[in-house]
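Following numbering that gives the first Met the number 0, the numbering of the sequence shown begins with 0 at its first residue and continues without gaps. All C-beta atoms in this analysis are idealised placements derived from N, C-alpha and C, irrespective of residue type, glycine included. To start, the structure itself, in structure tokens.
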Amino acid sequence: MANKNPNSKIDKRFQKVWEQFKDHHKTEGYKLVSIFDIYLPFWQCKQNVVIEKEMELDRFSRIILELVNSKITSHTEICAFLGIDEDSFVTVQFHFLIKNDLIRETQIGVYEITHEGLSFLQNKTKLKNIETVEFEYYITEKMDYLKNDLTQDFFDPNFPIDTQVSAGRKNNFSGYTVMQTHQVQKSESAKEIPHKQKPTYRFVSEQRNDFTSFFNKQFEDKNFYDFADSDLEAHKRSICFYGLLYENESNKDERFLEIRQSQKSVKNFINSEIENTLTNKATKYLKENADFV
Numbered sequence: 000m001a002n003k004n005p006n007s008k009i010d011k012r013f014q015k016v017w018e019q020f021k022d023h024h025k026t027e028g029y030k031l032v033s034i035f036d037i038y039l040p041f042w043q044c045k046q047n048v049v050i051e052k053e054m055e056l057d058r059f060s061r062i063i064l065e066l067v068n069s070k071i072t073s074h075t076e077i078c079a080f081l082g083i084d085e086d087s088f089v090t091v092q093f094h095f096l097i098k099n100d101l102i103r104e105t106q107i108g109v110y111e112i113t114h115e116g117l118s119f120l121q122n123k124t125k126l127k128n129i130e131t132v133e134f135e136y137y138i139t140e141k142m143d144y145l146k147n148d149l150t151q152d153f154f155d156p157n158f159p160i161d162t163q164v165s166a167g168r169k170n171n172f173s174g175y176t177v178m179q180t181h182q183v184q185k186s187e188s189a190k191e192i193p194h195k196q197k198p199t200y201r202f203v204s205e206q207r208n209d210f211t212s213f214f215n216k217q218f219e220d221k222n223f224y225d226f227a228d229s230d231l232e233a234h235k236r237s238i239c240f241y242g243l244l245y246e247n248e249s250n251k252d253e254r255f256l257e258i259r260q261s262q263k264s265v266k267n268f269i270n271s272e273i274e275n276t277l278t279n280k281a282t283k284y285l286k287e288n289a290d291f292v
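Okay, structure coming up:
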């Protein structure tokens, strides 16, 4: 059962957490009045995106590029230098270099290096390819329903939702335990904030700058270029945390809901780390839904 006051019988599952945090905000005038499991809403999204990806130039193509730069420019001369037939299948690399604007054909069978090709040889630029890939990511639910602001955030469940955390916490973080919402089996005392703001393509596209920044941080060798289409899959997901309800000792109507990690929250539980972003969201929800707890 959730704890109604310090004198009530404390569920054994919450005993240690109660003792650890009951006076955590005492100097601010708040006392801990209840602890419970709380299931918070998230969205698992999938959509196709167009990306730029760095490519490595194969050794044969690089040799051709270097020969052209060294004024060995005719198809016949290059093939003779390499010891290959002029109609060899490997000469398809000439077309590859032309397509990527590293060389140009000035007349039939004669080439010259382009500015881009020279820059590439000098390691000033990288060769990039455009391709379409499926991208999976998560979004936090917008819990501040009464205000006209966007509080949904992109995140990767393998990393902490809070972005301002220590390097040690990041390195030790094992990833959130994400559940399919329809499979959640919660106790009677557990609380659940519902899903209400299903992400749409329009919402994501309007957050293009944030989406681009988030995507580019996920990959070292890829950059977001564009959305491939307007299709977006979004599925309800939940993560279970500890909910710690604090009450102002001078004004019982002044409350806040602190969110902390539990054994159900993360794959390898270490301690009940606070989730600042989710605490702010949950407290806003509590203010708009006073009878939630």
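Out of Asn215, Gln217 and Lys190, which one is the CA nearest neighbour of Asn288? When only C-alpha atoms are compared, the closest one is Lys190.
Gln260, DSSP secondary structure in three states: The answer is coil: DSSP assigns Gln260 none of H, G, I, E or B.
If Ile192 sits next to Tyr284, beta carbons under 8 Å apart, how far is it from one beta carbon to the other, in whole angstroms? Between Ile192 and Tyr284 a beta carbon distance of about 6 Å is seen, short of the 8 Å cut, so the two are scored as contacting.
With Tyr200 as the anchor, note down where its alpha helix (DSSP H) starts and where it stops. Here the alpha helix (DSSP H) through Tyr200 covers Tyr200 to Glu205.
Quickly, what does DSSP pair Pro326 with across the bridge? List them, please. With the chain running from 0 to 292 in the structure shown, residue 326 is simply not present.
Presumed contact (8 Å Cβ cut-off) between Glu135 and Thr124, rounded CB distance: The Cβ separation is near 31 Å, so there is no contact.
Hey, would you say Asp161 sits closer than 8 Å to Glu65, going by beta carbons? no
Could you say if the segment 15-35 and the segment 232-246 meet the contact criterion of at least three C-beta pairs nearer than 8 Å? yes
Could you tell me the alpha carbon to alpha carbon distance between Leu81 and Glu133, rounded to whole angstroms? 41 Å
Using the rule of at least 16 other Cβ atoms within 10 Å of the residue's Cβ for burial, across every protein chain shown, is Leu149 buried or exposed? Note that Leu149 scores a pLDDT of 43, beneath 50, so its modelled location is shaky; the value from the coordinates is reported in the next line. That one is exposed.
So what's Gln196 in DSSP terms, helix, strand or just coil? Per DSSP, reduced to three states, the secondary structure at Gln196 is coil, with no helix or strand assignment.
Taking only runs of the alpha helix (DSSP H) that begin and end inside the segment 99-178, which ones reach a length of at least 4 residues, in chain order? 114-120 and 166-171
Report yes or no: do three or more beta-carbon pairs, one from the segment 52-69 and one from the segment 105-122, lie closer than 8 Å? Output reads yes: the segment 105-122 touches the segment 52-69.
If you reduce the DSSP assignment to three classes, tell me which class Ile34 lands in. strand
Among Asn267, Ala227 and Ser87, nearest to Phe172 - alpha-carbon criterion: The shortest C-alpha to C-alpha distance from Phe172 to any of Asn267, Ala227 and Ser87 is the one to Asn267.
Within 8 Å, strictly: CB atoms of Tyr200 and Ile50: no
Using only alpha-carbon positions, find the residue among Ser73, Asp84, Trp17 and Arg61 that is nearest to Thr105. Ser73
Buried/exposed call for Ile112, threshold 16 Cβ in 10 Å: buried
Shorter than 8 Å from the beta carbon of Gln262 to some beta carbon of chain B? Any reference to chain B falls outside this structure, which holds one protein chain only.
Count the other C-beta atoms from every protein chain shown that fall within 10 angstroms of the C-beta of Gln46, then say buried if there are 16 or more, exposed otherwise. By the neighbour-count criterion, in which a residue is buried when 16 or more other Cβ atoms sit within 10 angstroms of its Cβ, Gln46 is buried.
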